[in-house]
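J.: Supplied in C-alpha cells, the structure appears directly below.
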Amino acid sequence: MKKSNLFLSVLLTALCTVASAQSLSVDSQVDRNAVKADTSSAEVKSKTYNVGNGGAYMYAHFPSSTSGPVPAVVALPGGGYFHLAVAHEGTDWASYFTSHGMAYFTLIYRLPDGDRSKPISDAEAAIKMVRDSAMVWNINPKGVGIMGSSAGGHLASTVATHAAAGEHPDFQILFYPVITFVGKTHKGSLKCFLGKDSTNRAALKEFSNERHVEEGVTPPAIIFYAENDKAVPPASNAVAYYKALKRKKVPVRIIEYNDGGHGFGFKLKFKYHDQLLHDLGVWLDDMKFKLK
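Okay, structure coming up:
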C-alpha cells in the first residue's frame, strides 16, 4: 500500500472513531437540550421525538392547517457518516415543506463507526414511527417519503432499496447522493459506514444501491446534483442510480445544475437555489397527486 493511501486510511478511521465517541455529532450547533421551535414562519410548529432506543431523535414540523391527511418527509442530513450537516441539509428545509402542506422530520441518526446497523435501523424506525403515528399526526400513511443528502442520500437509498415493507418509504428525494461503493465514490463515507468491511467485496456490493433497485418495490425518486461535484462523482452515483431506476421502470426524475459543487442543500448562496425550490415543488405537487 502506498504511504499516501495508508495515511488516508488511518485518517478516515480516526475521524469515524472520534465521531462515534461523540455519539451523535452535528455541525449545526443545534443542541437537543436547547432546541428552539422554528419561529421564522407562522405556518410551522416543531417538536422533538425520540426514535428507537439507541439515542436517535428527530425534529418534527407540521403545517398549521390542512384539509386532510398530508404526506410526510423524513430527512437524513449528510456528513460522510462522521458528522451531520443538520442545518442546510435538514432543519432549514422545514418551512419549505410545511408551506407545501407536508409534515417534515429531520432525523438525527446514530453514526456508524463501521456498525452500519445503527444508522440503518434509525432510519427504518423513523419511517415506521411516522407511518404508525399517521392518525395522531394527520399524515397519509401511504405518503411517507425519505430525503437524503450526500452520505444521507446513501442512507436514504439504502432504506429505499433494502428495507422491509413496514419501513419502506413511498418516495425518495436525493441531493448529490453517495450511491455506490464499488465505483468512484466518497471514500470517507465508505470507510465510516463499513468499517472493517470496507474492503470486503460482498459488503461493497451489498451497499452499492444501484445494484438493488427492484421494479414495483423501489419507490419513485427525484435526484439533484451539480455537474462540478468533485466530492461525490455524479456519473457513478446520482446518474448511475437514475439509470438503474429507469431500467427497472421506477418513476424517476434527475436534475443537473451546471454549477454548485457538493453540499449546496438549502444554502441561499447556491446559485440555483430558487430554481431548485421550483423544480422540487413541481415534482412534489405531482407526487402528492399520485399519493392520494
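In this text, residue positions in the sequence shown follow my numbering: the first is -19, and each later residue adds one. The beta carbon of each residue, even a glycine, is placed where N, CA and C say it ideally should be. None of these values were measured; they are calculated from a predicted model.
1. For Gly241, which residues from the same chain have a beta carbon less than 8 Å from its beta carbon, with the 5 sequence-adjacent residues on both sides left out?
2. Report the residue from Gly168, Asn30 and Pro49 whose alpha carbon sits nearest the alpha carbon of Phe85.
3. Once you ignore the five residues that flank Lys251 on each side, which residues in its own chain have a CB closer than 8 Å to its CB?
4. How long is the line joining the alpha carbons of Trp263 and Ile202, rounded to whole angstroms?
5. As a quick exercise: from Pro199, Pro157, Phe244 and His258, pick the residue whose alpha carbon is nearest that of Leu225.
6. With distances taken between CB atoms, is the gap from Leu91 to Phe62 smaller than 8 Å?
7. Leaving out five residues on either side along the sequence, give the residues of the same chain with a beta carbon under 8 Å from the beta carbon of Met82.
8. Bridge partners for Gly128 per DSSP, in chain order?
9. Could you give the residue range of the alpha helix (DSSP H) that holds Ala40?
10. With a CB to CB cut of under 6 Å and the five nearest residues on each side skipped, what residues in its chain are close to Lys247?
11. Hey, quick one: how far does the beta strand (DSSP E) through Ile234 stretch, first residue to last?
12. Do the CB positions of Ala215 and Glu190 come within less than 8 Å of each other?
13. What does the alpha-carbon distance come out to for the pair Leu170 and Phe161?
14. Measure the C-alpha to C-alpha separation of Asp266 and Gly133 and round it to an integer number of angstroms.
15. Taking the straight line between their C-alpha atoms, what separation do you get for Gly60 and Leu174?
16. Note down, in chain order, each residue of its chain lying with its Cβ closer than 6 Å to the Cβ of Pro121, except the 5 sequence neighbours on either side.
17. Answer yes or no: do Gly58 and Ala106 have a C-beta to C-beta separation smaller than 8 Å?
18. What residue range is occupied by the uninterrupted alpha helix (DSSP H) comprising Ala220?
19. Using the three-state DSSP reduction, which class does Tyr76 fall into: helix, strand or coil?
T.: Taking the coordinates as given:
1. Ala206, Asn208, Asp209, Lys210 and Ala211
2. Measuring from the Cα of Phe85, the nearest candidate turns out to be Asn30.
3. Tyr237, Asp239 and Gly240
4. 8 Å
5. Pro199
6. yes
7. Here the set comprises Pro43, Val50, Pro51, Ala52, Val53, Leu264 and Lys268.
8. Answer by DSSP bridge pairing, in chain order: Leu56 and Leu154.
9. Premise fails: Ala40 lies in the beta strand (DSSP E), Ala36 to Pro43, not in any alpha helix (DSSP H).
10. His68
11. Per DSSP, the unbroken beta strand (DSSP E) holding Ile234 starts and ends at Val232 to Tyr237.
12. Going by C-beta atoms, Ala215 is not nearer than 8 Å to Glu190.
13. 6 Å
14. 22 Å
15. 12 Å
16. Around Pro121: Arg111 and Ala114.
17. no
18. Ala218 to Arg227
19. helix
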